[in-house]
Amino acid sequence: MYPPGLQLRQTREKLGLTYRDVEKSSLEIAVKRGRSEFILHISRLADIENRNVAPNLYKLYSLSVIYHLNVSEISSWYEAPFQQAFQDGASFPSPCTHLSEFLKPVPKTCIDANKIADLGGTGLLPTLPLGRAESPGFEDGARGRYRYGYIGLSDRRMTPLLRPGSMVLVDTLIKQIEETEWKSEYDRPMYFVELRESYRCGWFYKCRTQLIMQPHTLSHCPPESWRMPDEAELVGKVVGVVTYLNEPWTAGTATVRAERQHLSGKDS
């Protein structure tokens, strides 16, 4: 793998741009955005190319615009793979349920097949973790209709049906609580709901303008209610579930901690 500075220089030369051309273009970006940090002075550009100095956030943006490169691609040259942020997120789960937007697809060559793309909190994920795309209903082509939800580590309202860390597939075309017959807890419809500052996933029923959540009996959590649409909005119906029989996010904790200590010592 070539050094990042060399790759940037080769890209610039293929485009037929000189240092002066890049500086001039970055000045226009700085004027348009109203921040001088976007400027790529010739001396700084030389440091980036010849000394492998990492560009800051603003200069990274200018480089991606001027060179017509994806920001994630440039960052991967500096071993900061933003496109793998959700895979690595499995090591840092959060307790809260949340929603996320889809990321634009990245080349498969940038994805480590051995990593899991989980977010820590309960919510909707931007993309599907690797290894789960083979599950029925989790195809890439369904992204326009479905979203992926994550059950936060502190969210035990639907335990044991939805254990903390589980993933759900949400059909966003279903925007009404269905009054259907169900014979067991496995048949009872579950929904994903967005609140003002959090999310809920589980059993719901509607009484006039009140949306009421009924947690699983074994969770020992009390029912909750909100006014619709002022306090709660239905994201969609849960149509698929992927759960764990253990807690994979705790695996390798000691190894990660040792590596952090090693990096801290090296930085000092």
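Per my numbering, the very first residue in the sequence shown carries number 1496; after that it's consecutive.
We put the beta carbon where it would ideally sit given N, CA and C, even for glycine.
Because the structure is a prediction, the values reported are computed rather than measured.
| Asked | Found |
| --- | --- |
| Taking the Cβ atom as the reference point for each residue, do Leu-1657 and Val-1736 lie within a distance shorter than 8 angstroms? | yes |
| According to DSSP, simplified to helix, strand and coil, what is Ser-1720? | strand |
| Between Pro-1718 and Ile-1707, how many whole angstroms is the CB-CB distance? I'm expecting something under 8 angstroms. | 6 angstroms |
| Indicate the three-state DSSP secondary structure (helix, strand or coil) for Val-1526 in the structure shown. | helix |
| Since Met-1662 sits in a beta bridge, which residues does DSSP pair it with? | Tyr-1645, Val-1737 |
| What does a CB cutoff of less than 7 angstroms around Ala-1549 pick up in its chain, not counting 5 residues either side in sequence? | Tyr-1573 |
| Assign Gly-1615 to buried or exposed, taking buried as 16 or more other Cβ atoms, counted over all protein chains shown, within 10 Å of its Cβ. | Confidence in Gly-1615 is poor, its pLDDT being 40 and thus under 50, which makes the residue's placement unreliable; the coordinate value appears in the next sentence. The residue is buried, with at least 16 neighbouring Cβ atoms inside 10 Å. |
| Buried or exposed: where does Pro-1499 fall if 16 or more other Cβ atoms within 10 Å of its Cβ makes it buried? | buried |
| Which word fits Gln-1578, buried or exposed, when buried means at least 16 other C-beta atoms lie within 10 angstroms of its C-beta? | buried |
| Just verifying my parser: in three-state terms, what is the DSSP assignment at Gln-1671? | coil |
| Among the residues of its own chain, which have a CB less than 7 angstroms from the CB of Arg-1651, if the five just before and after it don't count? | Pro-1659, Ser-1714, Cys-1716 |
| Taking 7 angstroms as the limit between beta carbons, can you name the residues of its chain near His-1536, skipping five residues before and five after? | Glu-1518 |
| Could you please give me the residues that DSSP links to Phe-1699 through a beta bridge? | Met-1708 |
| DSSP state of Tyr-1514, grouped into three classes? | helix |
| Going straight from the alpha carbon of Gly-1644 to that of Glu-1508, what length do you get? | 44 angstroms |
| Hey, Arg-1530 and Tyr-1562: beta-carbon distance below 8 angstroms or not? | no |
| Using C-beta distances below 8 angstroms, list every residue in its chain close to Gln-1709, excluding the 5 sequence neighbours before and after it, in chain order. | Gly-1697, Trp-1698, Phe-1699, Tyr-1700, Pro-1718 |
| Can you give me the Cβ contacts of Gln-1705 inside the same chain, cut-off strictly under 8 angstroms, excluding the 5 residues immediately before and after it? | Ser-1720, Trp-1721, Arg-1722, Met-1723 |
| Just tell me which of Thr-1738, Tyr-1686, Thr-1712 has its CA closest to the CA of Glu-1728. | Tyr-1686 |
| Nearest-angstrom Cα distance between Arg-1515 and Tyr-1556? | 18 angstroms |
| Verify whether the separation of the beta carbon atoms of Val-1663 and Tyr-1641 is less than 8 angstroms. | no |
| Could you give the C-beta distance for Leu-1503 and Glu-1544, rounded to a whole number, given that I count them as a contact under 8 angstroms? | 6 angstroms |
| Start and end of the beta strand (DSSP E) containing Tyr-1686? | 1686-1690 |
| Are Gly-1647 and Pro-1590 closer than 8 angstroms when you measure CB to CB? | yes |
| Whole angstroms are fine: how far does the CA of Ser-1649 sit from the CA of Leu-1540? | 47 angstroms |
| What is the residue span of the alpha helix (DSSP H) that Val-1566 lies within? | 1566-1572 |
| Please name the residue, chosen from Met-1653, Ser-1520, Leu-1510, Gln-1671, that lies closest to Lys-1732 on a Cα-to-Cα basis. | Gln-1671 |
| Skipping 5 residues on each side, what residues in its chain have a beta carbon closer than 8 angstroms to that of Trp-1677? | Arg-1683, Pro-1684 |
| Leu-1668 to Glu-1689, Cα distance in whole Å? | 15 angstroms |
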